[in-house]
């Protein structure tokens, strides 16, 4: 399964970003081998509709779960249509957020 | 002649100036273009009737024809369309109704349908001196400009037209003041007033609209607005003092020229001055 976390940075210490459409990076984690990669959010400074395009981007990359504390209503409706589970955690390190999700959810 | 009343900063007195100017001149058309919160009629109390709905055209996608080629998604500057693995999603409130998606669709899968975003209303009585038109944007709708464009189609250029603009310097303001013969910028002598005035001045200069300044509550704050206008050769058309009687009348919804007739003279004089400045006597 693939988990996407919105983050403020792009290193192992990166913290989660509560914003979705305008977060700076997405961290994608493949839970099969726990490999992760950071990609820059191409829509972080879109003039409008950042949330919907970022949601499409995350869906296109095959995410099954999104960890983000406060996605906007448009992004949420894209995620729901795409069947992506949204998980809301308070701000923490992105790696810890993934671990927390894996500990509390049977995959 | 079309006179736009604008400001950078909100709450400086655009509506106060618009209404009192309209009532001082008589027989004018007043357009309340602050369609997110039209408030001219709080002071006029005209009986209004709806003239029409304002609609924008949004795409309607035939799912059986769409092959998810994404051309519409790529062309949309406003990110109103999203392609998911099995479907296309439309976000109508992000759509500006430009029609590009239906033009580029190779499958002919996109038609357009009308979506109402607000209304235009006008005074029932056409003989009450001031004829008010106001636009009202529906709650939750983000785009004010189509309503303002629709409002301006009702302009009668045989009369003096006063356009009460929304605050700021963004799209709705540009829609409101485009085509004005003169723009009155209302400000207050405070640091915020000056800052936002300077932004509004950049806009009217760029748009090449002749302009002057009204300083409201002129005895508050400091001298910097005065100095700024003098240094930049911007005419100060009028100063309205921070007077208790004016504030009380405002709080009761009474335009102050109705009870302070000497101000009518001042507004008529200001009108003459700006006619000259606009080059139309």
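Residue numbers (my numbering), protein chains in the order written: chain A, 452 to 558; chain B, 18 to 298. Don't be surprised by glycine CBs; every beta carbon is placed ideally from N, CA and C.
Per the coordinates, the alpha-carbon of residue 100 of chain B lies some 22 angstroms from the alpha-carbon of residue 478 of chain A. Residues of the segment 485-512 of chain A with a Cβ closer than 9 angstroms to any Cβ of chain B, in chain order: 494, 497, 498, 499, 500, 501, 502, 503, 504, 506, 507, 510 and 511. Here residue 36 of chain B is near residue 60 of chain B, since their CB atoms are less than 8 angstroms apart. In the DSSP annotation of this structure, the continuous segment of the alpha helix (DSSP H) that includes residue 502 of chain A starts and ends at 501-511.
Between the alpha carbons of residue 67 of chain B and residue 136 of chain B lies a gap of roughly 7 angstroms. Nearest CB-CB separation between residue 283 of chain B and chain A: not below the 8 angstroms threshold. About 18 angstroms separates the beta carbon of residue 134 of chain B from that of residue 190 of chain B, a gap too long to meet the 8 angstroms contact definition. Counted as a single uninterrupted DSSP element, the alpha helix (DSSP H) harbouring residue 210 of chain B occupies residues 208-223. Residue state for residue 464 of chain A is assigned as coil, using DSSP reduced to three classes. Between residue 517 of chain A and residue 455 of chain A the beta-carbon gap is near 5 angstroms, inside 8 angstroms, which marks them as a contact. Cβ-Cβ separation between residue 492 of chain A and residue 453 of chain A: approximately 16 angstroms, too far for a contact (criterion under 8 angstroms).
Straight-line measurement puts the Cα of residue 34 of chain B at about 16 angstroms from the Cα of residue 148 of chain B.
Here residue 244 of chain B is exposed: its Cβ has fewer than 16 other Cβ atoms, across all protein chains shown, within 10 Å. The CB of residue 532 of chain A comes closer than 7 angstroms to the CB of 101, 104 and 106 in chain B, given here in chain order. DSSP places residue 477 of chain A inside the beta strand (DSSP E), whose first and last residues are 476-481. Identification of chain A residues near residue 62 of chain B by a Cβ-Cβ cut-off of 9 angstroms yields none; the smallest Cβ-Cβ distance measures about 38 angstroms. Chain-order list of chain B residues neighbouring residue 529 of chain A: 99, 101 and 106, by C-beta distance under 8 angstroms. Cβ neighbours of residue 217 of chain B within its own chain (closer than 7 angstroms, five residues either side excluded): 23, 24, 25, 186 and 202.
Short of 6 angstroms from the beta carbon of residue 485 of chain A, and not among the five residues preceding or following it, lies no beta carbon of its own chain. By alpha-carbon distance to residue 104 of chain B, the top candidate from B:93, B:92, B:81 and B:114 is B:81.
The continuous alpha helix (DSSP H) containing residue 192 of chain B extends over residues 188-194.
Between the alpha carbons of residue 530 of chain A and residue 510 of chain A lies a gap of roughly 7 angstroms.
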